[in-house]
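The numbering used here applies: residue 648 is where the sequence shown begins, and numbers increase by one.
Ideal Cβ placement from N, Cα and C applies to all residues, glycine included.
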Amino acid sequence: MRARSSTTVIIGSSSSSSGGSSSSSASVGSIRNRIGVLMARQEMRRAAIVTLVLLAGLIPCLTLVLAHERASTHLILDSSASDILQDVLRRDQLRASSLVPDSDNTDDVASTNVHEIPFLNSSDLTPVAFEPANSGVPAFSDQPESEWSISSLAGDSSASAAEAAFTTSEKILKVGCPSLELLTDGAQEEGELRASDFGGDFVFGFATSAAQVEGAVAEGGRGRSIWDDFAERPGKIKDASKPSVTADQFHRYKDDVALLKAMGASSYRFSISWSRIIPDGMGAVNEAGIQHYSNLIDELLANGIAPAVTLYHWDLPSALHQPHGGWLNASIVAAFVRYADVCFSRFGGRVQTWITFNEPQQTAVQGHGYGTMAPGRCSNRSVCETGDSAAEPYIVAHNILRAHAAAVEVYRSRHGRQRVKENGEHGRIGMTVDCVFLYPADQTPGSEAAAERGMEFAFAWFADPLFTGDYPPSMRQAVGSRLPSFSAAESSLLIGSSDFLGLNFYTAQFAAQNTAGAGETADVAAGVAPWVDCHVDMTAVSPVTGKLIGERTASSWLHVVPSAVQHMLTWISHRYPAVPIIITENGMSEPNIPSRSLVRLLCDDQRVRFYRSYLSNILQAKRQGVPVQGYYAWSLLDNWEWAMGFSERFGAVYVNFTDPALPRFPKASALWFKHFLKAHSMHIRGHVVQ
648 MRARSSTTVI IGSSSSSSGG SSSSSASVGS IRNRIGVLMA RQEMRRAAIV
698 TLVLLAGLIP CLTLVLAHER ASTHLILDSS ASDILQDVLR RDQLRASSLV
748 PDSDNTDDVA STNVHEIPFL NSSDLTPVAF EPANSGVPAF SDQPESEWSI
798 SSLAGDSSAS AAEAAFTTSE KILKVGCPSL ELLTDGAQEE GELRASDFGG
848 DFVFGFATSA AQVEGAVAEG GRGRSIWDDF AERPGKIKDA SKPSVTADQF
898 HRYKDDVALL KAMGASSYRF SISWSRIIPD GMGAVNEAGI QHYSNLIDEL
948 LANGIAPAVT LYHWDLPSAL HQPHGGWLNA SIVAAFVRYA DVCFSRFGGR
998 VQTWITFNEP QQTAVQGHGY GTMAPGRCSN RSVCETGDSA AEPYIVAHNI
1048 LRAHAAAVEV YRSRHGRQRV KENGEHGRIG MTVDCVFLYP ADQTPGSEAA
1098 AERGMEFAFA WFADPLFTGD YPPSMRQAVG SRLPSFSAAE SSLLIGSSDF
1148 LGLNFYTAQF AAQNTAGAGE TADVAAGVAP WVDCHVDMTA VSPVTGKLIG
1198 ERTASSWLHV VPSAVQHMLT WISHRYPAVP IIITENGMSE PNIPSRSLVR
1248 LLCDDQRVRF YRSYLSNILQ AKRQGVPVQG YYAWSLLDNW EWAMGFSERF
1298 GAVYVNFTDP ALPRFPKASA LWFKHFLKAH SMHIRGHVVQ
């Protein structure tokens, strides 16, 4: 590896000669000349010339870097006064859009070869198109994140510290994020997306899960979970990382609540770790775990943020999986009900929204069909030591639904839909189901039937029993005796057991009839139910046009298809009329590249456009009468992304995982939400959603 040389230029430092505005013009010229000499000397292939004038001694320095693959020039800035910075930018007419884009920007910049989604011949649907990507983001620095010299929230949970973090990020982004322009003067433009358009009772929040952000796996009496075990198995986690620390919200929860408050979030969705409440899943209650979540809930309420609590977000106590079989054992229902009852009893008077299970399809199919998620069971012996992909997903799903119904019955009968002390309103309880919306791959009846059948096998598999007491008829017909049956009593408990439907929604795919013989597709070869049984081939590439269904992201499965969320909401409202819907997750990933510049890491332009476009389509669905009541962005923080480890980042807030203090840095998307939720308008230069 070629060594990198480095030159540092100190601008406006306290050691330099004092001077006010009268000396700034001269300083501009000398600084510009000095930077030009340095860049010319280093023969940089991609040059970014920035002129900044600062007054001395206002706040501790902030380091930005102008980098080259062989050398770098460091500018140490002794002032962050926004008015001074903006004045210089205006005076020198330095606009970031004139700078050369970062060479690695192709990782998450849109593909222009994107298929135009059909509107399903539904005249009442008016999808809002995704705004095209800009040309790129300038590389102000290639300085690794571990070398950043920037004040953080570490150890300081005050609201002023959170606001300071946003102020710092905004100043950085205004210099070097060409696609983002925040209008902080309250100006509104015609057609601009506003939070108020959704109604005063619409909930806006952010979501996380315990296993992904909490850390402290060996502290506070917590027992092991199946994800602790899964992460220790070689080859199961992409970067071989573990959930031992993650974003350390166990210790940093006050910092994160301060960030939520600064953004104007009205709710925070988080999950409780079962093994932190009952370490072995069945025995004694861990009072230290109770105290932790009680502290988090109290901190949220003290800051005007409503907690929305998920009881199960995949982290089953290890003691329930081995030797008892976890969700394959029908007796787990009683264990889950007891755990839920403890949570209802200890937290219920302060929690208005409960979610029993998050994405049970993933536990069933990825955990017991493909073996790519904990506990890692499947039929493919090159991947899993044990498992039965043709049967176990259905057994797991069945026991989860039984556990949900029983827990809801306990909540309603013993806790009387507890009134929340803060507002006197009754609590509500439901389940969160995920789904990829499926478009017919072509105009043939086979593809249209395949798309509908695929939706039933993915979403209605879990949602139908909540309102009809049984699985979809298409599943009964296709799966036969491998699909378990509910007793009359279980069906009765299931019907109406969800006060709302939680929807985790991200993307869409094309669906076609699978006519392949055995072994001709990956799913058939692996014998993975339910996708073998529903005979549907799914792809992100249109077989008709050869184009991608939407922009790529860092996740291979996630393409940006904003109109799909409107279609998904409409599909749900037609199948389950009048059932309230809460979007409990929605977001996108970007690659984790620590060597990127500070500006580049915080300038998540694609995510800003993602949120704007998806929210615009959600608003369209709401205006068409779909009873959608809330929206939780995934995620508040960069986190440990299950089998992908730290290789992908979903957060609106950047977490520096190379720093033991794990400082948080609001990204452009966090700034967008802050202004959106605080009734400010926001504008992407050149692209306004109409």
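Determine, using beta carbons only, whether residue i and residue j come nearer to each other than 9 Å.
i	j	result
F1084	A1280	no
A955	S914	yes
K1314	S816	yes
R869	S922	yes
G1101	L1141	no
W961	G1014	yes
A854	R899	no
Y1017	S1029	no
G1023	L967	no
E1137	R1049	yes
S1145	G1077	yes
A1176	V1126	yes
C1250	C824	yes
Q1156	M1185	yes
A894	L1309	yes
G1149	T1231	yes
N950	A806	yes
L958	A987	yes
S1294	D886	yes
Under the rule that 16 or more other beta-carbon atoms within 10 Å means buried, what is residue i, buried or exposed?
i	result
W1287	buried
D844	exposed
H1322	buried
W1417	With the chain represented from 648 up to 1337, any question about residue 1417 goes unanswered, as that position is not in the structure.
R997	buried
W1204	exposed
H1073	exposed
T1000	buried
R1061	exposed
R1247	buried
Q1090	exposed
P1190	exposed
R1254	buried
D1306	exposed
S891	exposed
D771	Confidence at D771 is low in this model, with a pLDDT of 45, below 50, so its placement is unreliable and the value that follows should be read with caution. Counting Cβ neighbours within 10 Å, D771 comes out exposed, since fewer than 16 surround it.
D902	buried
S978	exposed
A1317	buried
Residue range of the beta strand (DSSP E) that residue i falls in?
i	result
I1002	T1000 to N1005
W1281	V1275 to W1281
R1311	R1311 to P1313
G1023	Element bounds for G1023: n/a, residue is neither H nor E.
Y1301	V1300 to V1302
F813	F813 -> not in any beta strand (DSSP E); alpha helix (DSSP H) instead, spanning A806 to G823.
Going by the DSSP bridge assignment, what does residue i pair with across the sheet?
i	result
M644	Residue 644 is absent from the model: the chain starts at 648 and stops at 1337.
I1230	L1150 and Y1278
V1207	E1198
Y1223	According to DSSP, Y1223 bridges with nothing at all.
P1087	A1158
E1295	P1238
A854	R916 and W1281
H1015	Paired residues: none, contrary to the question.
V761	L1195
What are the start and end residues of the alpha helix (DSSP H) that includes residue i?
i	result
F877	I873 to A878
Y915	Element bounds for Y915: not the alpha helix (DSSP H) but the beta strand (DSSP E), S914 to S918.
Y1041	E1039 to R1061
Y1340	Residue 1340 cannot be examined here, being either before or after the span of the chain that is shown, 648 to 1337.
F897	Q896 to M910
A1097	P1092 to M1102
L1248	L1245 to L1249
F1106	Where F1106 is concerned, there is no enclosing alpha helix (DSSP H), given that its DSSP letter is neither H nor E.
Does at least one heavy atom of the ligand GTP sit under 8 Å from the Cβ of residue i?
i	result
Q1124	Here there are no bound small molecules, and the ligand GTP is not part of this structure.
Return the chain-ordered ranges of every beta strand (DSSP E) run that is complete within the segment 1117-1200 and spans a minimum of 3 residues. 1148-1160 and 1183-1186
For a minimum of 4 consecutive residues, which ranges assigned as the alpha helix (DSSP H) are wholly contained in the segment 925-994? 934-949, 965-968 and 979-994
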